[in-house]
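*Asks:* Sharing a structure, written as structure tokens. Questions coming.
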Amino acid sequence: MSQQWIEIHGASENNLRDITVKIPKEKLVVLVGVSGSGKSSLVFDTIAVESNRQWQAGYPLYLRNRMPLYQRPDVDYILNLTPTIVVNQKGIGTNTRSSVGTVTDISPLMRLLFSRIGQPSAGSASTYSFNHPLGMCPYCSGLSQELQIDEEKFFDLNKSINEGAILFSQFSGSSWQTRLYKYCPLLDPNKKLKDFNDEEWQILKYAPKGTAQIAYYHENTGEMGYSKYEGVITRFRRLYLNRDITKLKKSIQDEVMTFVSKKPCHHCHGTGLNPKALASKILGYNIAEMEKMEVADLLNILKLITDPVGKSIANQICESLQHMVSVGLGYLSLNRRTDTLSGGESQRLKMVRHLGSNLSNITYIFDEPTAGLHPEDANKIGKLLLQLRDKHNTVIVVEHNRQMIELADYIIELGPQAGSDGGDIVFEGTLDELEKEDTVTSKALNNRVKLNLHPRLFGGYFEITNATMNNLKNINIKIPKNVLVAVTGVAGSGKSTLMANEFINRYPDTILINQKSIGISSRSTIATYSGIMDEIRKLFGVENNVSPQWFSANSKGACPVCKGKGVITPDVAFSDPVTILCEECQGKKFNPTALSYRYHGYNIVEIMALTVDNALKFFNQKKIKFEYP
5 MSQQWIEIHG
15 ASENNLRDIT
25 VKIPKEKLVV
35 LVGVSGSGKS
45 SLVFDTIAVE
55 SNRQWQAGYP
65 LYLRNRMPLY
75 QRPDVDYILN
85 LTPTIVVNQK
95 GIGTNTRSSV
105 GTVTDISPLM
115 RLLFSRIGQP
125 SAGSASTYSF
135 NHPLGMCPYC
145 SGLSQELQID
155 EEKFFDLNKS
165 INEGAILFSQ
175 FSGSSWQTRL
185 YKYCPLLDPN
195 KKLKDFNDEE
205 WQILKYAPKG
215 TAQIAYYHEN
225 TGEMGYSKYE
235 GVITRFRRLY
245 LNRDITKLKK
255 SIQDEVMTFV
265 SKKPCHHCHG
275 TGLNPKALAS
285 KILGYNIAEM
295 EKMEVADLLN
305 ILKLITDPVG
315 KSIANQICES
325 LQHMVSVGLG
335 YLSLNRRTDT
345 LSGGESQRLK
355 MVRHLGSNLS
365 NITYIFDEPT
375 AGLHPEDANK
385 IGKLLLQLRD
395 KHNTVIVVEH
405 NRQMIELADY
415 IIELGPQAGS
425 DGGDIVFEGT
435 LDELEKEDTV
445 TSKALNNRVK
455 LNLHPRLFGG
465 YFEITNATMN
475 NLKNINIKIP
485 KNVLVAVTGV
495 AGSGKSTLMA
505 NEFINRYPDT
515 ILINQKSIGI
525 SSRSTIATYS
535 GIMDEIRKLF
545 GVENNVSPQW
555 FSANSKGACP
565 VCKGKGVITP
575 DVAFSDPVTI
585 LCEECQGKKF
595 NPTALSYRYH
605 GYNIVEIMAL
615 TVDNALKFFN
625 QKKIKFEYP
């Protein structure tokens, strides 16, 4: 009987309070509770991590050294654990070459299909790929777009090179690349650009005839250095256009795009493929035309293939396409870039990879799969989760949606509140039992949102005309100002495209608040992200008549042993990672000098340990409390 439950004993990861809980196997289990109550700490940071850690322990050490390493979670032990698959809402790729077809592994099969029965044949499967030299368009390198440089934006004609006439930050100011132009013997760095003649402009933008060497002194060593001269436009094109700029910092990406404009490559018509690949067809369609179709339409076309070899491959493709249709993604096309997908669409695409699996006794963990979805879409997700459960799998869902809670076989609520006030199991049982309890979730289930019978009057409109991005069909719309506006519709109907793309393009001063992570640095905190930390450092500095840098774990105040991290992670090669509390600072991150300074009786660590509620009572400064007139 005990084998029917996953038993977690003494879980203390993050804010979990040494909890013990049993999760029934082969059931749809929904974890509920307010945000920050400990749901993710229990299923993702404890169950999933320990499952993956133990699973990898079965591999040889040679392989484990090349796999992601997991540190043992803070839990006494877990019984009856099964292999775990996590399906979350993280983006599935930001690479400009990543598409729906590539992440679902359908595109490789499409290329294989064309290599076998396409007429005339272009060759092997690689010759149908815009990511391979054999198949990519030679003019756009498979990117499907042409980037045109707006040369006038690069220069301020009223300034000299020494005065900052080159406006691209990577080629001006304190950048080392500025020396190419400051020390060029063929240019006067103190001459206003408006006074340049044609020859000087040619040298500045492109290059002189022949090869020019730039001699300069290294400021840090005083030694002489030499570099080959390259014009501003030539160098910009080589370093930033003839490559995938998504590998660069986001700030640099954004700046680069202010100097260029995009349009479909006129050679390949935006397909990224060379003429030979585009000439090869099946049933009158080339591979680019098929991948441009909506999945539901492509499914019907591929079913018409009768060639024995082609039919075998097409059946594999159709199976995956059918799964996409079943999760409500039949409107997508295989060539749709993944960085244009919503979080809900990304998560459902991940689900497609598991729907065709015949594996059983697997634990699937989903992170709010219905977040932001229309009730109709949420219902489809619920049916899919039940299908996974019915294959003798355990399905654990972190969720707030009423529809999902009502589908659950078993419900576990963590709380009672968030953070330090959470981390306990406050309920275990069925929905009927939950509704009789006095918990935050049961109260929410029993309380319905009241309709706004007296909506606020609006003043004016934000107008959007001829919106055609992604699947928007040349729509015109007026959005009322000074009121709360809800944009609804099924997933993929165009809501995000309309508001997060078209609206922002037309009204660039708009502030976009989305579900993307706000930082991945281990040193990032709420205080640093919000800007409050700068104000707190200033207060400490003024109070103690010292530099504010003493109150930064990244600067003077850092512990000399752990460098302000609070922990030490030794290199243990292929063994399980180990994180050790820094013995010098005991995890406080700061050195003794920084900790000796106080503000109203508190040192910097004690201030940072305050909850937001307590910090609001402690500080009077408006900039810290975000109180503005």
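Position 576 of the sequence shown, counted from 1, bears residue number 580 in our numbering, the numbering being contiguous throughout. Just so it is clear, CB atoms sit at the ideal spot from N, CA and C, and this is done for glycine as well.
List the endpoints of the continuous beta strand (DSSP E) containing GLU204.
*Replies:* GLU204: not part of any beta strand (DSSP E); member of the alpha helix (DSSP H) spanning 202-209, first to last residue.
*Asks:* With a threshold of 7 Å on Cβ separation, who are the neighbours of THR344 within its own chain once the five nearest residues in sequence on each side are excluded?
*Replies:* Same-chain partners within the cutoff: ASN474.
*Asks:* Quick check on DSSP: helix, strand or coil for ASN509?
*Replies:* helix
*Asks:* Could you spell out where the beta strand (DSSP E) holding ASP428 opens and where it closes?
*Replies:* 428-433
*Asks:* According to DSSP, is GLN123 helix, strand or coil?
*Replies:* strand
*Asks:* In three-state DSSP terms, what is ASP192?
*Replies:* In the three-state reduction of the DSSP assignment, ASP192 falls in the coil class, being assigned neither a helical nor a strand state.
*Asks:* Using only alpha-carbon positions, find the residue among ASN558, MET503, ARG406, THR472 that is nearest to VAL453.
*Replies:* ARG406
*Asks:* Return the residue from the list GLY419, ARG183, VAL264, PHE200 that minimises the CA-CA distance to SER231.
*Replies:* ARG183
*Asks:* Short check: CB of ALA15 to CB of THR131, under 8 Å?
*Replies:* no
*Asks:* Among residues of its own chain, excluding the 5 on either side of LEU476, which ones have a beta-carbon nearer than 8 Å to its beta-carbon?
*Replies:* If we look at LEU476 and ignore the five residues flanking it on each side, its Cβ neighbours are GLY498, THR501, LEU502, GLU506.
*Asks:* Mark VAL401 as exposed unless 16 or more other C-beta atoms lie within 10 angstroms of its C-beta, in which case mark it buried.
*Replies:* buried
*Asks:* Which first and last residues belong to the beta strand (DSSP E) in which HIS13 is found?
*Replies:* 9-15
*Asks:* List the residues that DSSP assigns as beta-bridge partners of ASP371.
*Replies:* VAL402
*Asks:* Can you tell me the Cβ-Cβ gap for CYS141 and LEU277, rounded? I've got them flagged as a contact below 8 Å.
*Replies:* 6 Å
*Asks:* Just verifying my parser: in three-state terms, what is the DSSP assignment at LYS267?
*Replies:* Correct three-state label for LYS267: strand.
*Asks:* Using CA atoms only, rank isn't needed, just tell me which of LEU117, MET328, LEU151 is closest to GLY496.
*Replies:* MET328
*Asks:* Once DSSP output is grouped into helix, strand and coil, what is the label at PRO279?
*Replies:* helix
*Asks:* On the DSSP bridge list, what partners appear for THR344?
*Replies:* According to DSSP, which records beta bridges pairwise, THR344 is partnered with nothing at all.
*Asks:* Pick from HIS396, LEU333, ARG340: whose alpha carbon is nearest that of SER361?
*Replies:* If we check each option's Cα against that of SER361, HIS396 comes out closest.
*Asks:* Could you give the DSSP three-state label for MET140: helix, strand or coil?
*Replies:* DSSP places MET140 in the strand class (E or B) of the three-state scheme.
*Asks:* Buried or exposed, going by whether 16 or more other CB atoms sit within 10 Å of the CB of MET634?
*Replies:* For the chain, the structure presents residues 5 to 633; residue 634 sits outside this window and is missing.
*Asks:* Taking just the CA atoms, how far does ALA557 sit from THR597?
*Replies:* 12 Å
*Asks:* I'd like the ranges of any beta strand (DSSP E) spanning at least 3 consecutive residues and lying wholly in the segment 459-486.
*Replies:* 465-471, 479-484
*Asks:* Any idea what DSSP makes of LEU620, helix, strand or coil?
*Replies:* helix
*Asks:* Tell me, to the nearest whole angstrom, how far the beta carbon of HIS136 is from that of ASP80; I am working on the premise that it is less than 8 Å.
*Replies:* Incorrect: roughly 51 Å between the Cβ atoms, too far for contact.
*Asks:* Counting C-beta neighbours from all protein chains within 10 Å, is the total for ILE628 16 or more, i.e. buried, or is it exposed?
*Replies:* With at least 16 other beta carbons inside 10 angstroms of its own, ILE628 counts as buried.
*Asks:* Please give me, in chain order, every unbroken run of the alpha helix (DSSP H) with length at least 4 that falls completely inside the segment 275-332.
*Replies:* 279-283, 291-296, 299-306, 312-330
*Asks:* Do ILE121 and VAL313 count as a contact pair if the criterion is CB distance below 8 Å?
*Replies:* yes
*Asks:* I'd like the span of the beta strand (DSSP E) that includes GLN152, first residue to last.
*Replies:* 149-153
*Asks:* How far does the beta strand (DSSP E) with LEU418 in it reach, from first residue to last?
*Replies:* 414-419
*Asks:* Which of helix, strand or coil does DSSP assign to LEU599?
*Replies:* helix
*Asks:* Report the rounded CA-to-CA distance for ILE481 versus ARG352, giving the unit in angstroms.
*Replies:* Cα to Cα, the separation comes out at about 29 Å.
*Asks:* Since ILE530 is in the alpha helix (DSSP H), which residue starts that stretch and which ends it?
*Replies:* 530-534
*Asks:* Just reading off the alpha helix (DSSP H) that LEU2 is part of, what are its end residues?
*Replies:* Because the chain in this structure spans residues 5 to 633, residue 2 falls outside the shown range and cannot be described.
*Asks:* List the endpoints of the continuous beta strand (DSSP E) containing LEU83.
*Replies:* Per DSSP, LEU83 belongs to the beta strand (DSSP E) from 81-83.
*Asks:* Roughly how many angstroms separate the alpha carbons of ILE540 and LYS592, rounded to a whole number?
*Replies:* Cα to Cα, the separation comes out at about 17 Å.
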